[in-house]
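For reference, the structure is listed below as structure tokens.
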Amino acid sequence: MTSDSLHLEIKKIIVESLALEDIAPEEIETAAPLFVEGLGLDSIDALELAMSLEEKYGVTVGDDPDENQKIFFSVESLAQFVTDQRG
Amino acid sequence: MACVPLHQLLQEPRAETTRVAWDRRATYDVGAFLRHVGGLARRLEGRPGRKILLDTTSAYAFAVGLFAVARVGGEALVPPNRQEGTLLELSSYCDGVLRDRGANEANPSAEAVTPLDPLAHAGEPWPAELDPQRPIVQLFTSGTTGRAKEIPKAFCHLEEVVELERRVGADLPVEAQVFATAPHQHLYGFLLRVLWPLSTGRAFQAESLLRPEELLPRLADAPVSVLVATPAHLRHLAARPELADLRGRVMRVVSSGGPLPPAVAASVEAALGAPPIEIFGSTETGGVATRRQPAGKAAPHWRPFEGVRVRRDPESGCLRVSSSFVSVGANLSSDGMLEFEMGDQAEVDEDQQFVLQGRADRVVKIGEKRLSLSDMESRLREHAFIDDCGLIAVDRSTEQRVAAVVVLSAKGLAAKADRDRRSLVQTLQGQLAAHWDRVLLPRVWRFVEALPTDERGKLPREALLALVAERPRVPVVLGERREDGEQREDCEQREVQTLVRDLQVPTDLAALEGHFPGQPVVPGVAQLGWALAAAEELAGGKLSLAGVEALKFKEMLLPGGRVRLEVELDRLRARVRFRIFAEDRELSSGRLLLADTP
Chain A
47 MTSDSLHLEI
57 KKIIVESLAL
67 EDIAPEEIET
77 AAPLFVEGLG
87 LDSIDALELA
97 MSLEEKYGVT
107 VGDDPDENQK
117 IFFSVESLAQ
127 FVTDQRG
Chain B
32 MACVPLHQLL
42 QEPRAETTRV
52 AWDRRATYDV
62 GAFLRHVGGL
72 ARRLEGRPGR
82 KILLDTTSAY
92 AFAVGLFAVA
102 RVGGEALVPP
112 NRQEGTLLEL
122 SSYCDGVLRD
132 RGANEANPSA
142 EAVTPLDPLA
152 HAGEPWPAEL
162 DPQRPIVQLF
172 TSGTTGRAKE
182 IPKAFCHLEE
192 VVELERRVGA
202 DLPVEAQVFA
212 TAPHQHLYGF
222 LLRVLWPLST
232 GRAFQAESLL
242 RPEELLPRLA
252 DAPVSVLVAT
262 PAHLRHLAAR
272 PELADLRGRV
282 MRVVSSGGPL
292 PPAVAASVEA
302 ALGAPPIEIF
312 GSTETGGVAT
322 RRQPAGKAAP
332 HWRPFEGVRV
342 RRDPESGCLR
352 VSSSFVSVGA
362 NLSSDGMLEF
372 EMGDQAEVDE
382 DQQFVLQGRA
392 DRVVKIGEKR
402 LSLSDMESRL
412 REHAFIDDCG
422 LIAVDRSTEQ
432 RVAAVVVLSA
442 KGLAAKADRD
452 RRSLVQTLQG
462 QLAAHWDRVL
472 LPRVWRFVEA
482 LPTDERGKLP
492 REALLALVAE
502 RPRVPVVLGE
512 RREDGEQRED
522 CEQREVQTLV
532 RDLQVPTDLA
542 ALEGHFPGQP
552 VVPGVAQLGW
562 ALAAAEELAG
572 GKLSLAGVEA
582 LKFKEMLLPG
592 GRVRLEVELD
602 RLRARVRFRI
612 FAEDRELSSG
622 RLLLADTP
């Protein structure tokens with residue numbers, strides 16, 4: 047899978063699993079922050095998004111809070127994480 | 032475990048090497064705690080003013096700040112959330128701010144008062160017996176109607192730790208480490224993850240690790256532990272198969288802050304061997320009662336703590352609680368105890384045990400955070416874009432979320448026409464984000480012409496729910512009339528049925544999305560859809576379209592106005608004709624060809 051199509055797939059997961067209104071997957075900026083100042087996601091979204099990613103890709107985040115914050119920073123960082131974990 | 036009274040913690044400490052707390056960087060023992068408190072208290076002693084805002088991310092820094100403020104006769108204000116607006120509002124009537132490193136990193140805003148880091152001033156211990164009756168801390172809660180209100184607490188109101196030890200700590204070794212997902216700024220976390228461990232000599236986790244992936248391996252490393260959790264986090268933890276590996280290590284799970292779903296209680300029991308101990312209480316009353324839901328059985332009644340009396344208010348049906356832990360309320364009895372009426376309705380039996388029957392007020396809990404919908408509504412109404420609004424909590428996948436039904440002002444309508452819907456929603460959310468945690472912000476927005484208020488002026492829940500269920504796809508039918516089976520005096524006989532509908536076109540119509548930013552126009556295809564729907568009603572069944580024979584859009588159909596739709600169903604010729612008027616101007620018309628004769 048090219049990184050562009052993975053980016054789009056993750057954007058679709060974000061919009062669908064979090065039932066976001068007023069934004070289409072294509073409109074989410076790949077490198078923009080997902081939480082608070084960017085897309086405006088919150089802590090409940092963070093947990094739900096982690097569950098959806100695990101269901102879809104079988105990936106789980108590690109135990110380092112600082113590292114997890116980096117993984118969930120943007121669509122780009124999430125895609126990188128999914129790619130790395132799937133080897 | 033014997034409990035050390037909280038007001039004597041600085042005076043008769045446990046052995047210096049008893050562990051108090053730990054984080055990723057360090058472990059803090061009793062000696063360190065007393066030096067941190069002593070040093071900070073001396074620093075505070077030299078400053079004017081004793082009202083100190085306690086804004087910390089670390090539960091240990093919180094404990095140090097609290098006892099240092101108490102030591103100098105001050106009062107600690109604990110912010111209900113860390114939103115910039117809240118912190119600014121609170122710091123404006125504080126004499127100082129205590130903020131630890133983590134909190135500084137998260138919120139580096141400028142302050143009128145330079146914040147002190149509670150852990151940066153370690154000095155000599157400064158023992159003293161503290162006054163158990165004097166208020167030492169102000170917590171905040173969203174009241175049933177108005178703004179967040181202050182709830183003062185003295186050490187005597189917090190001595191409930193003795194009861195907690197009886198219900199939660201029984202048979203739990205002193206080595207048990209206290210892990211928590213409950214925030215220490217709320218009374219439940221304050222009592223269970225900070226004061227109860229301090230008083231009983233157990234060590235607590237200073238930082239909050241909320242992701243199951245971060246928490247589970249740390250729990251696996253602890254030989255014996257107790258978990259102070261909230262239902263939202265338990266739900267995610269209970270879904271993890273690794274939880275079962277912790278059986279025998281995680282000796283106890285405590286849940287409070289909202290109702291615990293029976294399925295989550297059952298999963299925890301299946302994994303760890305016992306269901307969570309649930310605590311019911313409030314900021315005003317402290318802990319009131321506990322229960323445990325065993326899998327497959329009806330939930331038992333709530334059993335009040337020793338010294339807590341409950342009764343049902345005959346008028347409101349709400350639970351009235353009196354005990355020495357209640358810090359606000361009416362002074363009814365001669366023993367000086369206060370009685371507080373909670374917002375929760377309950378049925379109380381003769382043994383003082385009770386069943387909860389839901390909230391009486393418009394307070395909801397989302398992500399364990401309490402929100403007064405009325406409070407948020409009044410904030411929203413202050414916005415120039417808004418004439419009126421109604422809020423409601425709706426169920427979304429695993430949590431509830433707030434939905435907003437809004438009547439825009441002329442300014443708001445202009446703004447909505449000017450930019451896209453999303454940026455309008457972001458503007459309105461931004462207004463609220465300064466005061467509430469993000470999880471409480473409305474996630475579903477509907478813009479309507481008028482709120483569906485009933486004759487008593489109330490907003491029926493069902494009407495709001497129907498509005499937020501989905502974006503409107505069809506206009507509101509204000510009135511209609513039919514003319515059935517009309518015989519036309521034409522050369523040939525045609526059976527024609529006519530339906531005339533007066534329509535109100537919602538400004539929030541789903542079909543307006545992207546059509547067009549800055550200039551919303553009802554798309555032609557949507558108008559065809561309305562015509563076909565009306566024709567189907569005449570036909571009494573589904574119609575399938577074979578083609579469009581003639582279509583004219585003379586004027587743009589703008590949302591927000593009223594239009595008249597005239598539809599003729601010509602059965603013999605398998606045609607549908609429609610015309611849409613605004614007053615006497617024809618906006619559009621067309622003739623549709625049907626695949627079959629209806």
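Line order of the protein sequences matches chains A and B. Each residue of the first sequence is one higher than the one before, starting from 47 at the first, in this note's numbering. Each residue of the second sequence is one higher than the one before, starting from 32 at the first, in this note's numbering. C-beta: ideal position from N, C-alpha, C; glycine also.
Best match in the options for proximity to residue i [C-alpha to C-alpha]
i	options	result
residue 356 of chain B	B/130, B/183, B/412 and B/551	B/183
residue 458 of chain B	B/490, B/414 and B/470	B/414
residue 608 of chain B	B/558, B/371, B/589 and B/588	B/558
residue 256 of chain B	B/287, B/271 and B/224	B/224
residue 384 of chain B	B/342, B/360, B/411 and B/361	B/342
residue 345 of chain B	B/328, B/326, B/379 and B/55	B/379
residue 181 of chain B	B/61, B/166, B/215 and B/162	B/166
residue 598 of chain B	B/590, B/296 and B/560	B/560
residue 243 of chain B	B/277, B/231 and B/215	B/277
residue 232 of chain B	B/332, B/64 and B/372	B/64
residue 12 of chain B	B/514, B/547 and B/542	Outside the displayed range of chain B (32 to 629) lies residue 12 of chain B, so it cannot be described from this structure.
residue 305 of chain B	B/280, B/290 and B/288	B/280
residue 382 of chain B	B/430, B/411 and B/332	B/332
residue 553 of chain B	B/575, B/589, B/453 and B/477	B/589
residue 576 of chain B	B/491, B/593, B/594 and B/556	B/556
residue 595 of chain B	B/550, B/625, B/619 and B/534	B/534
residue 369 of chain B	B/399, B/338, B/395 and B/389	B/338
residue 324 of chain B	B/358, B/359 and B/286	B/286
residue 450 of chain B	B/550, B/493 and B/359	B/550
Cβ-Cβ distance between residue i and residue j below 8 angstroms
i	j	result
residue 153 of chain B	residue 103 of chain B	no
residue 539 of chain B	residue 579 of chain B	no
residue 336 of chain B	residue 348 of chain B	no
residue 170 of chain B	residue 109 of chain B	yes
residue 35 of chain B	residue 84 of chain B	no
residue 60 of chain B	residue 50 of chain B	yes
residue 68 of chain A	residue 507 of chain B	no
residue 505 of chain B	residue 564 of chain B	yes
residue 617 of chain B	residue 610 of chain B	yes
residue 216 of chain B	residue 146 of chain B	no
residue 120 of chain A	residue 59 of chain A	no
residue 631 of chain B	residue 499 of chain B	The structure shown does not extend to residue 631 of chain B, since chain B is modelled only from 32 to 629, so the question has no answer here.
residue 149 of chain B	residue 131 of chain B	yes
residue 57 of chain A	residue 79 of chain A	no
residue 376 of chain B	residue 397 of chain B	no
residue 464 of chain B	residue 114 of chain B	yes
residue 274 of chain B	residue 303 of chain B	yes
residue 340 of chain B	residue 295 of chain B	no
residue 88 of chain A	residue 390 of chain B	no
Status (buried if at least 16 other CB within 10 Å, exposed otherwise) for residue i
i	result
residue 435 of chain B	buried
residue 585 of chain B	exposed
residue 141 of chain A	There is simply no residue 141 of chain A to check, as chain A begins at 47 and stops at 133 in what is shown.
residue 254 of chain B	exposed
residue 587 of chain B	exposed
residue 393 of chain B	buried
residue 583 of chain B	exposed
residue 447 of chain B	buried
residue 299 of chain B	buried
residue 547 of chain B	exposed
residue 524 of chain B	Note that residue 524 of chain B scores 48 on pLDDT, short of 50, meaning its location in the model is unreliable and no value can be drawn from it.
residue 627 of chain B	exposed
residue 213 of chain B	buried
| query | Which runs of the beta strand (DSSP E) fall wholly inside the segment 107-172 of chain B and span at least 3 residues, in chain order? | reply | Counting only runs of 3 or more, we get 127-130.
| query | Is the segment 260-269 of chain B close to the segment 78-87 of chain B, with three or more CB pairs under 8 angstroms? | reply | With fewer than three CB-CB distances shorter than 8 angstroms, the segment 260-269 of chain B does not count as touching the segment 78-87 of chain B.
| said: Taking contact to mean 3 or more Cβ pairs, one atom from each stretch, closer than 8 angstroms, check whether the segment 344-362 of chain B and the segment 311-325 of chain B are in contact. | reply: Segment contact: the segment 344-362 of chain B against the segment 311-325 of chain B, three or more CB-CB distances shorter than 8 angstroms; contact assigned.
| task | Tell me the start and end of each unbroken alpha helix (DSSP H) in the segment 437-487 of chain B that is at least 4 residues and wholly inside, in chain order. | result | Counting only runs of at least 4 residues, the segment 437-487 of chain B fully encloses the following alpha helix (DSSP H) elements, listed from N- to C-terminal order: 441-449 and 452-464.
| Residues from the segment 389-403 of chain B in contact with chain D, defined by Cβ distance under 9 angstroms | Included in the structure are the protein chains A and B, with no chain D among them.
| request: For the segment 245-255 of chain B and the segment 75-83 of chain A, state whether three or more C-beta atom pairs, one from each stretch, are separated by less than 8 angstroms. | output: No, because fewer than three Cβ pairs between the segment 245-255 of chain B and the segment 75-83 of chain A fall closer than 8 angstroms, the two stretches do not touch.
| request: Quick one: which unbroken beta strand (DSSP E) runs of 3-plus residues sit fully inside the segment 37-77 of chain B? Chain order, please. | output: Correct list: 50-53 and 58-60.
| Which runs of the beta strand (DSSP E), 3 residues or longer, sit entirely within the segment 262-291 of chain B? | List check, beta strand (DSSP E) in window: 281-286.
| field | Contiguous alpha helix (DSSP H) assignments of at least 4 residues, all confined to the segment 379-440 of chain B | value | Complete alpha helix (DSSP H) runs here, min 4: 404-412.
| task | Note down, one range per segment and in chain order, each beta strand (DSSP E) of at least 3 residues found wholly within the segment 580-615 of chain B. | result | If only complete runs of 3 or more residues are kept, the segment 580-615 of chain B shows the beta strand (DSSP E) at 593-601 and 606-613, in order along the chain.
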